[in-house]
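Below is one structure, written out as structure tokens; the observations come after it.
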């Protein structure tokens with residue numbers, strides 16, 4: 006069931022999170038991860054059709070999906086807009102999922118993606 010899309014909600018569906026402790030201790034490794042992700046976005050976006058076999062062979066998609074899968078245009082890693090964070094926090098707050106109030110500034114740290 007598709008509840009909504011990133012375009013409809015204005016909130017990205019995929020998020021990578023790292024604690025401050027991880028960023029403090031392993032910043033170079035996290036930067037390498039993001040750099041690899043950025044390179045992958047360039048490669049896939051340049052020729053998505055060449056990655057159809059990868060879906061089945063490496064990503065374990067069912068063979069029946071290989072030709073039906075619709076590639077999206079992948080975006081390079083970026084911090085979410087503060088309005089996205091505010092919307093997500095409001096959703097969490099309405100469901101009593103936060104143990105204390107948080108702001109976008111409490112959650113965003115751009116050190117790992119500063120390279121581009």
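Numbering (this note's numbering), first residue to last: 6 to 121. The C-beta atom is built at its ideal place from N, Cα and C for all residues, glycine as well. The structure displayed is predicted, hence computed values, not measured ones.
* To do: Could you spell out the range, first to last residue, of the alpha helix (DSSP H) harbouring residue 34?
  => Boundaries of the alpha helix (DSSP H) around residue 34: 25-51.
* To do: Tell me where the alpha helix (DSSP H) around residue 98 begins and ends.
  => Taken as a continuous stretch (DSSP letters only), the alpha helix (DSSP H) holding residue 98 covers 87-99.
* Asked: Whose CA, out of 28, 29, 33 and 119, lies closest to the CA of residue 81?
  -> Of the residues 28, 29, 33 and 119, the one whose Cα lies closest to the Cα of residue 81 is 119.
* So is residue 64 buried or exposed if we call it buried at 16+ other beta carbons inside 10 Å? -> It is exposed - the Cβ of residue 64 has fewer than 16 other Cβ atoms within 10 Å.
* Asked: Looking only at its own chain, which residues have a Cβ that is under 8 Å from the Cβ of residue 79, when we skip the five neighbours before and after it?
  -> Only 45, 46, 49 and 50 meet the Cβ criterion.
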